[in-house]
Amino acid sequence: MPAAVVLDVPVSGAAVPDRREPGAARTTTLTVVGDIAVDTVWDAATVMVGSDVVIRDGAVLTVAAGAGIRFTGHHGLVVRDGAVQAWGTPTAPITWDTAHPQAFTTEPDTAGSWGGITFLNVPADNPPSFLRGCVLQHAKAVPGHGPDDDTPRVGGRCPDGAGGALRLVGPGSVEISGSILRHNAGARGGALVAHYGATPLLVNVLMHDNTAWTRAGAAYVSHAAPRFVHDTLIDNQAVNADIYARTAGAVDHFHARPHYAGCIVYGNVTNHHEPHQILEPRSPDIDHCNVEGYGLGVGGMDRDPLFLARWNTRGLPSGASPCIDAGDFVAAQAWLPEVDLAGNPRRAGLEVDLGCYEYLAPTGVPGLPLQRAIPVSAQPNPANPGTWLRWRQDGDGPVQVMVRDLGGRLVRRLVDASRAAGVQAVFWDGRDDAGRRVAAGAYVAQVEGAAMRGAAGRGTVKVMLVP
157 MPAAVVLDVP VSGAAVPDRR EPGAARTTTL TVVGDIAVDT VWDAATVMVG SDVVIRDGAV
217 LTVAAGAGIR FTGHHGLVVR DGAVQAWGTP TAPITWDTAH PQAFTTEPDT AGSWGGITFL
277 NVPADNPPSF LRGCVLQHAK AVPGHGPDDD TPRVGGRCPD GAGGALRLVG PGSVEISGSI
337 LRHNAGARGG ALVAHYGATP LLVNVLMHDN TAWTRAGAAY VSHAAPRFVH DTLIDNQAVN
397 ADIYARTAGA VDHFHARPHY AGCIVYGNVT NHHEPHQILE PRSPDIDHCN VEGYGLGVGG
457 MDRDPLFLAR WNTRGLPSGA SPCIDAGDFV AAQAWLPEVD LAGNPRRAGL EVDLGCYEYL
517 APTGVPGLPL QRAIPVSAQP NPANPGTWLR WRQDGDGPVQ VMVRDLGGRL VRRLVDASRA
577 AGVQAVFWDG RDDAGRRVAA GAYVAQVEGA AMRGAAGRGT VKVMLVP
């Protein structure tokens, strides 16, 4: 295929001397066709892609924050020898989409879809690829319409019909972070496939409402070792016609060694008679995750994540979610960025929350930012004779710590003073303000003060006193 032809705005297709983060996308339109063989920048608000685009000869494609990439047909982007570096942010995401989303369905055809992004045996000495702050939607992997063929090569072949939006084949360095994969479809892996030695990092990623026609509603992992870190996989589906075709609603593995840390995998469905969320990893490493029907591993759980019911933002935890402060920051900090998918601090409480979002409590006042509920713990609990109450302050400021009975009556005021930022603690000895030992039963410890970024907040924990 000839080198890329850039129409309308030639300057954005010119070679660039370095690979620094570009500025925000310009309010203009760029039209491209053909291969990319030199370092190239897509920095227009709208980039119309009129053909399959192959990155080769070590070229780097840089995509500016806020760009909207629109494929005019069932075309895709294939990285063979080079890299793609997409610099989206929570406030200026990069959207990869078809130019005709109104024609998209989940049926196994190419109407109203684009061909996704493929990393195909990229040489290990190439610059790293990353998709940061991206939204990938309305892509399909339709059997017979893939980016690969049967020509001899060194490396793996991209599985036909696998990975609706993303195909990661071979050991090249690829990071997917702070991104959303939604409304994509494929025969295997409605959102993505990782194959033949692929070791991608997926962190702060939300995958929802993707569809697989045979296996793995969200991700199909074959002979690969992906790392899923604080991702949320919800409401994906495998619509396999045969109820005896064994698969999973979220992730299906074949000779794979995945690592899961801090993830939520819940509410994904399959027509198989056993409702698996994750199926048959060869050597699973699952750490502090909430996996429906599983619940194993260090810090594992199987509990309804209690998301907020919002049609336009999926996977946000409510204040009652068991996923709040249920992660292990030490185990995940090597891969976690400073902010979550929404751009809020990634660790706002005593611990990091599971999934791609940190919990934020609404202020109830229009125009004010969300405020953090103060996480409070009590150890031991049940207690006799007393318990340590611990909370975290993000800044110096006044704080009140009180113990009330279940009727709301004040039992003991433990703290009414200014405290420094950080983890704080106070001991309640099981007595009231008059020094009398209170009766055994349930009490509520309440902390009010600086929560996040200096905003007022409140947190509570129920304490059981036993005889």
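If you're matching positions, the sequence shown starts at 157 in our numbering and goes up one per residue.
Glycine included, every Cβ here is placed at the ideal spot set by N, Cα and C.
Judged by DSSP secondary structure, Phe485 falls within the alpha helix (DSSP H) whose first and last residues are Phe485 to Ala488. Around Glu177, the same chain offers Trp243 as residues with beta carbons nearer than 7 angstroms, after the five sequence neighbours per side are excluded.
In this structure, DSSP gives Ala343 an extended state, which the three-state scheme calls strand. Straight-line spacing of the CA atoms in Ala368 and Thr266 works out to 14 angstroms. Rounded to whole angstroms, the separation of the alpha carbons of Asp398 and Asp208 is 34 angstroms. A distance below 8 angstroms between beta-carbons, with the five flanking residues on each side excluded, links Leu357 to the following residues of its chain, in chain order: Val330, Glu331, Ile332, Ser333, Pro382, Arg383, Val385 and Trp491. If the five residues before and after Arg182 are omitted, its C-beta is found closer than 7 angstroms to the C-beta atoms of Asp199, Ala200 and Ala201, all from its own chain and listed in chain order.
In terms of Cα proximity to Val579, the closest of Ala255, Asn500 and Gln549 is Gln549. Within a 10 Å sphere around the beta-carbon of Lys296 sit 16 or more other beta-carbons, which makes this residue buried. With 16 or more other Cβ atoms from the protein chains shown falling within 10 Å of its own Cβ, Leu217 counts as buried.
Where Val359 is concerned, the enclosing beta strand (DSSP E) starts and stops at Leu357 to Val359. Cα atoms of Val377 and Tyr352: separation of roughly 9 angstroms, rounded to the nearest angstrom. Per the C-alpha coordinates, the member of Pro554, Asp552 and Arg565 positioned closest to Asp589 is Arg565. With contacts defined as CB atoms closer than 8 angstroms, Arg236 and Gly272 fail to qualify as a contacting pair.
Counting only runs of at least 4 residues, the region 558 to 619 fully encloses no alpha helix (DSSP H) element at all.
Rounded to the nearest angstrom, the Cβ distance from Ala341 to Thr262 is 5 angstroms, consistent with a contact under 8 angstroms. Pairwise C-beta distances place the region 505 to 518 out of contact with the region 395 to 411, as fewer than three of them are shorter than 8 angstroms. Within the region 421 to 506, the complete alpha helix (DSSP H) runs of at least 4 residues fall at 485 to 488.
Look at the region 203 to 278 and you find no whole run of alpha helix (DSSP H) that is 4 residues long or longer.
A straight line joining the alpha-carbon of Val582 with that of Gly505 spans about 17 angstroms. Annotation: the continuous beta strand (DSSP E) that includes Cys290 extends over Cys290 to Gln293. As DSSP reads the structure, Gly553 sits in a beta bridge with Arg575. The beta carbons of Ile434 and Pro461 sit no closer together than 8 angstroms. In the structure shown, Ser329 adopts coil according to DSSP, grouped into three states.
In the structure shown, Ser335 adopts coil according to DSSP, grouped into three states. Excluding the 5 residues flanking it on each side, Arg568 has same chain C-beta neighbours closer than 6 angstroms at Val559, Asp588 and Asp589, in chain order.
For Ala412, there is no enclosing beta strand (DSSP E), as DSSP marks it with neither H nor E. Residue range Thr196 to Trp198 is occupied by the beta strand (DSSP E) that includes Thr196. Between Val310 and Asn277, the alpha-carbon positions lie close to 8 angstroms from each other. Ile250 sits away from Val210, with the two beta carbons spaced by 8 angstroms or more.
Here Ser285 has Val235, Ala239, Val240, Gln241, Phe275, Val278, Gly328, Ser329, Val330 and Glu331 as same chain residues with Cβ atoms under 8 angstroms from its own Cβ, once five neighbours each way along the sequence are excluded.
The three-state reading of DSSP puts Leu322 in strand, counting E and B together. Here the alpha carbon of Val555 sits roughly 36 angstroms from the alpha carbon of Gly451.
Ranked by Cα distance from Leu389, the first of His256, Asn427, Cys445 and Arg413 is Cys445. Close CB contacts of Val508 within its chain, under the 8 angstroms cut and outside five residues either way in sequence, are with His386, Gly418, Asp481, Gly483, Asp484, Phe485, Ala488, Leu492, Arg502 and Glu514 (chain order). For Leu516, no pairing in a beta bridge is given by DSSP.
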